[in-house]
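Participant: Dropping the structure in here first, questions after.
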Amino acid sequence: MSSSVPLPSLPCWRCQQSFQPVSAAVFVCAPCAVITNKVADAAVKHCRVIEDQVRAELGSPLRKRARRVFEAQCADLDL
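Residue numbers (the working numbering): 56 to 134.
Here is the structure:
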C-alpha cells in the first residue's frame with residue numbers, strides 16, 4: 056500500500072511550502088492549514104489571482120465584484 060500520490064504542482068500560495076497528502080485527493084499545507092486537491096491546481100491558480108485582486112482593490116467597487124467572483128468560484132477551495 057505504498058502507492059505514491061502525485062502532489063499538487065503548485066506550492067502553498069501563502070507560504071510557498073509543499074502540500075502533504077492527507078488522502079488520495081486531498082492535500083494540506085501544515086503551516087497554513089490550507090487544503091487543496093490535485094485536480095484543483097488550475098482553479099487554485101485562478102483563485103490566487105482573484106484573491107490578490109480582492110486585496111489590491113480595498114475600498115473600491117471592484118473589490119466587491121472580485122469578492123463575489125471569489126466566493127462563487129473559490130469558496131470550496133478553502134483559500
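Don't be surprised by glycine CBs; every beta carbon is placed ideally from N, CA and C.
#1: If you follow the beta strand (DSSP E) that Cys84 is in, where does it begin and where does it stop?
#2: Under the DSSP definition of a beta bridge, which residues are partnered with Pro76?
#3: How would you call Glu106, buried or exposed, if buried means at least 16 neighbouring beta carbons within 10 angstroms?
#4: Considering only residues of the same chain and omitting the five flanking positions on each side of Ala111, which have a CB-CB separation below 6 Å?
#5: Under a Cβ-count criterion, where at least 16 other Cβ atoms within 10 Å of its own Cβ denotes burial, should Cys67 be classed as buried or exposed?
#6: Could you tell me the distance, in whole angstroms, from the CA atom of Gln75 to the CA atom of Arg69?
#7: Tell me the rounded alpha-carbon separation between Pro86 and Leu65.
Facilitator: From the atom records:
#1: Here residue 84 refers to the residue found at position 29 when the sequence shown is read from its first residue. The continuous beta strand (DSSP E) containing Cys84 extends over residues Phe82 to Cys84.
#2: Within the sequence shown, residue 76 is the residue found at index 21, counting from 1. By DSSP's assignment, Pro76 forms a beta bridge with Phe82.
#3: Mapped onto the sequence shown, residue 106 falls at position 51. Burial call: buried.
#4: As a position in the sequence shown, residue 111 is number 56, starting the count at 1. Setting aside the 5 residues that flank it on each side, Ala111 has no residue in the same chain whose C-beta is closer than 6 Å to its C-beta.
#5: Position 12 of the sequence shown, counted from the first residue, corresponds to residue 67. Cys67 should be labelled buried.
#6: Here the question's residue 75 lines up with position 20 in the sequence shown. Here the question's residue 69 lines up with position 14 in the sequence shown. When rounded, the separation of the alpha-carbon atoms in Gln75 and Arg69 is 15 Å.
#7: Along the sequence shown, read from residue 1 onward, the residue named residue 86 stands at position 31. Along the sequence shown, read from residue 1 onward, the residue named residue 65 stands at position 10. Taking the CA atoms as reference points, Pro86 sits about 16 Å from Leu65.
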